[in-house]
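Visitor: My questions will all concern the structure given below.
Numbering (this note's numbering), first residue to last: 7 to 638.
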């Protein structure tokens with residue numbers, strides 16, 4: 007290392023450096039399956055995009071402390087004594103102790119029974135459900151002891167902090183006000199008297215023991231909102247029933263890991279966009295993978311890469327309805343000119359996710375730029391074909407029926423994989439360097455042809471099944487010839503001996519037998535050489551041309567993959583030990599970001615991250631199955 011490099015390394019920002027931004031792990035996640043909110047410990051909504059996950063934010067303090075927020079809590083107190091989800095729900099309860107008394111705050115993006123009238127705010131392409139989003143954020147407060155002075159401050163800044171709100175009281179009513187900006191209007195209703203202070207609304211009211219109050223923010227078509235605290239409470243209670251009823255349909259083993267499995271299921275459902283069946287990779291954009299650095303991406307889209315992991319988790323949890331909704335979204339999206347699917351789509355199925363930056367925003371703890379859109383949407387990634395075809399096979403396994411509308415998808419993806427597998431690409435991690443022959447991309451191409459062959463057999467086409475099987479065998483031979491180093495370890499790509507955690511997929515997708523020496527060598531090499539404090543890196547950034555600078559944290563999905571891979575090769579106790587460590591680093595509310603900084607114990611990257619929770623479910627499932635049956 008040169009002296010310059012040493013100075014740069016020494017100057018790297020710590021993930022635990024003092025900052026006005028709360029740690030990522032301290033945020034609570036709310037969802038109505040149309041959009042989501044992040045609530046800081048002080049009771050401030052620091053992130054909310056309306057009406058959908060990938061809409062512009064109206065509260066964006068997550069990315070700039072002056073980009074809008076919405077706080078409800080005790081005046082002059084910022085640190086609660088307790089925060090928890092109501093068990094089995096995505097409804098948040100926060101308990102406060104002040105000098106004068108105790109206060110309980112409940113928050114929910116509400117979901118209630120609907121009459122199946124068309125939703126014009128976020129139009130549906132899936133069949134209407136009995137419950138749907140109200141397009142409301144409802145917040146209630148109750149003084150349980152003593153006397154507490156409650157403060158409400160609502161300051162939306164529209165279009166990612168660019169446009170201040172223009173407020174007006176409705177017909178002079180101090181309990182209802184509307185804010186407009188950047189073509190969006192929201193209505194705030196409360197039983198606390200509201201006053202307009204410039205571009206924000208503020209209210210303050212003392213509650214005594216047994217007294218309650220509420221506020222609600224609406225972005226529905228009619229801007230309807232509760233008019234009494236009883237109605238607000240009823241909407242939150244209805245939302246809790248929705249989550250309870252939904253979770254009761256899931257198959258959660260009676261195991262010591264039941265709670266993290268339930269929370270992961272609720273997080274994944276909360277990241278599902280009900281109108282189309284899509285699942286966003288994460289709620290947020292531009293939470294940094296490198297503290298203070300430029301590895302900041304917009305994850306509010308649906309990755310085809312995630313499809314097979316999503317289907318695995320949903321079917322394992324017996325959530326077949328959600329699995330079918332997701333598969334219908336995949337069937338709906340428009341293919342490229344060559345018939346292949348993009349690596350990601352908008353949650354409404356749109357193809358154009360052109361990336362831009364918001365240079366007026368400071369970024370989380372100084373991490374810039376803030377990105378809107380994702381420039382990787384049109385990259386070549388050959389893993390997409392395998393992800394889609396494996397998910398289709400998973401979806402047909404129980405019924406042994408292939409839906410007619412999915413067969414053209416099978417054919418087009420198999421044909422594209424046949425043509426593309428010999429070509430270099432950007433790899434599963436969407437590297438912005440030169441294309442390479444990534445082993446994981448070849449592996450996913452093998453999966454594409456292997457699953458396509460099985461699906462052709464299921465459909466009764468032995469000729470096509472044999473053709474695709476031959477291509478799968480050719481890909482397998484190529485990987486084992488060019489993708490294995492001299493020490494018998496799967497490489498990152500054909501031109502390097504560097505390690506890459508994505509090669510763990512060889513274990514997860516049964517590319518090699520569990521007792522194959524090359525598989526065990528790969529798992530051992532990653533466990534021993536590609537970890538920090540036992541947590542797995544994607545790759546060593548100094549060994550990989552990913553088009554970016556700066557070190558990144560360990561990837562939680564890769565660490566969960568290592569748990570699964572250790573279980574596959576028979577290292578059950580090592581798998582269990584790592585799983586226990588991973589469960590202990592969950593956020594206080596049981597959530598996971600994309601990365602974990604092993605030096606400081608802080609989360610990095612977008613949050614909450616669906617991929618991390620999906621991998622948790624798979625890893626836990628493998629160990630639980632081993633404990634129950636004695637084999638995988």
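Even glycine gets a Cβ: it sits at the ideal position worked out from N, Cα and C.
1) Ignore the nearest five residues each way along the sequence and tell me which others in residue 164's own chain have a CB closer than 6 Å to its CB.
2) If we ignore side chains and look at the alpha-carbon of each, how far apart do residue 151 and residue 47 end up?
3) Going by C-alpha to C-alpha distance, which of 547, 297, 408, 536 sits closest to residue 330?
4) Runs of 4 residues minimum, wholly inside the segment 325-402: which ones carry the alpha helix (DSSP H) assignment?
5) For the beta strand (DSSP E) holding residue 182, just list the boundary residues, first then last.
6) Quick check: the Cα distance between residue 539 and residue 399, rounded to an integer number of angstroms?
7) Would the segment 486-497 and the segment 516-536 be scored as touching if the rule is three or more Cβ pairs under 8 Å?
8) Straight-line CA distance for residue 155 to residue 86?
9) If you draw a straight line from the alpha carbon of residue 299 to that of residue 372, how long is it in whole angstroms?
10) If you draw a straight line from the alpha carbon of residue 627 to that of residue 228, how long is it in whole angstroms?
11) Using the Cβ count rule (16 or more neighbours within 10 Å means buried), how would you classify residue 179?
12) Counting pairs of Cβ atoms below 8 Å between the segment 420-432 and the segment 485-492, do you hit three or more?
13) Per DSSP, residue 619 forms a beta bridge with which residues?
14) Using DSSP with H/G/I as helix, E/B as strand and the rest coil, what is residue 441?
15) Would residue 280 be called buried (16 or more neighbouring beta carbons within 10 Å of its own) or exposed?
16) Does DSSP put residue 626 in a helix, in a strand, or in coil?
17) At a cut of 8 Å, does the segment 471-478 reach the segment 447-456 through at least three beta carbon pairs?
18) Can you tell me whether residue 318 is helix, strand or coil according to DSSP?
19) In chain order, which alpha helix (DSSP H) runs of at least 4 residues are fully inside the segment 518-577?
20) From this set, 30, 465, 318, which residue's C-alpha is nearest residue 5's C-alpha?
21) Closest to residue 323 by CA distance: which of 605, 264, 84 is it?
22) Run through the segment 186-233 for me and flag every whole beta strand (DSSP E) of 3 or more residues, listed as ranges in chain order.
23) Whole angstroms are fine: how far does the CA of residue 602 sit from the CA of residue 254?
24) Rounded C-beta distance between residue 419 and residue 445? I'm assuming under 8 Å.
25) Per DSSP, which one or two residues make a beta bridge with residue 42?
26) Taking the DSSP output, what are the residues bridged to residue 115?
27) Report the partner residues of residue 121 according to the DSSP bridge assignment.
28) Classify residue 318 as buried or exposed, calling it buried when 16 or more other Cβ atoms lie within 10 Å of its own Cβ.
29) For the beta strand (DSSP E) containing residue 254, list its first residue and its last residue.
30) Out of 84, 578, 619, which one is the CA nearest neighbour of residue 2?
31) Leaving out the 5 sequence neighbours to the left and right, which residues in its chain are closer than 8 Å to residue 184 when beta-carbon positions are compared?
32) Who are the near neighbours of residue 309 in its chain, counting only those whose CB is closer than 7 Å to its CB and skipping five residues on each side?
33) Should the segment 87-100 be called in touch with the segment 121-129, which here means at least 3 C-beta pairs below 8 Å?
34) Which word fits residue 360, buried or exposed, when buried means at least 16 other C-beta atoms lie within 10 angstroms of its C-beta?
35) Under three-state DSSP, which class holds residue 468?
36) To which residues of the same chain is residue 630 closer than 6 Å at the C-beta, ignoring the five residues directly before and after it?
Guide: Answer, in terms of the structure:
1) Excluding positions up to five away in sequence, the list reads 64, 187, 188, 190.
2) Their Cα atoms are separated by approximately 21 Å.
3) Considering only alpha carbons, the answer is 408.
4) The segment 325-402 is shown to contain whole alpha helix (DSSP H) runs of 4 or more residues at 326-338, in chain order.
5) Here the beta strand (DSSP E) through residue 182 covers 179-187.
6) Straight-line Cα distance between these residues: approximately 37 Å.
7) Inter-segment contact for the segment 486-497 and the segment 516-536 is present: three or more beta-carbon pairs are separated by less than 8 Å.
8) Per the coordinates, the alpha-carbon of residue 155 lies some 15 Å from the alpha-carbon of residue 86.
9) About 8 Å.
10) Roughly 45 Å between the two C-alpha positions.
11) Counting the other Cβ atoms within 10 Å of the Cβ of residue 179 gives fewer than 16, which makes it exposed.
12) Contact check between the segment 420-432 and the segment 485-492: fewer than three CB pairs, one atom from each, fall below 8 Å, which does not count as touching.
13) Beta-bridge pairing links residue 619 to no other residue.
14) DSSP places residue 441 in coil when its eight states are reduced to three.
15) Buried, by the Cβ-count rule.
16) Helix, per DSSP.
17) Yes: at least three Cβ pairs fall under 8 Å.
18) Residue 318 falls in the helix class under three-state DSSP.
19) Taking only runs of at least 4 residues, the alpha helix (DSSP H) segments lying wholly in the segment 518-577 are 523-535, 562-574.
20) Only positions 7 to 638 of the chain appear in the structure, and residue 5 is not among them; the question remains open.
21) When only C-alpha atoms are compared, the closest one is 264.
22) Fully enclosed beta strand (DSSP E) runs of 3 or longer: 190-196, 201-203, 206-214, 218-224.
23) One Cα belongs to residue 254, the other to residue 602, and the distance between them is close to 31 Å.
24) Between the beta-carbon of residue 419 and that of residue 445 there is about 20 Å, and that puts the pair past the 8 Å contact cut.
25) Note: residue 42 sits in a beta bridge opposite 37.
26) For residue 115, the pairing in a beta bridge is given by DSSP as 143.
27) DSSP, once it has assigned bridges, lists no residue as partnering residue 121.
28) By the 10 Å Cβ count, residue 318 comes out buried.
29) From DSSP, residue 254 is part of no beta strand (DSSP E) but of the alpha helix (DSSP H) over 235-254.
30) No answer is possible for residue 2: it lies beyond the span of the chain, which begins at 7 and ends at 638.
31) The residues are 173, 174, 176, 191, 192, 193, 194, 229.
32) Excluding the 5 residues flanking it on each side, residue 309 has same chain C-beta neighbours closer than 7 Å at 287, 349, 350, in chain order.
33) Under the three-pair Cβ rule at 8 Å, the segment 87-100 does not count as touching the segment 121-129.
34) By the 10 Å Cβ count, residue 360 comes out exposed.
35) In the structure shown, residue 468 sits in a helix (DSSP, three-state: H, G or I).
36) Excluding residues within five positions, the ones whose Cβ falls inside 6 Å are 259, 261.
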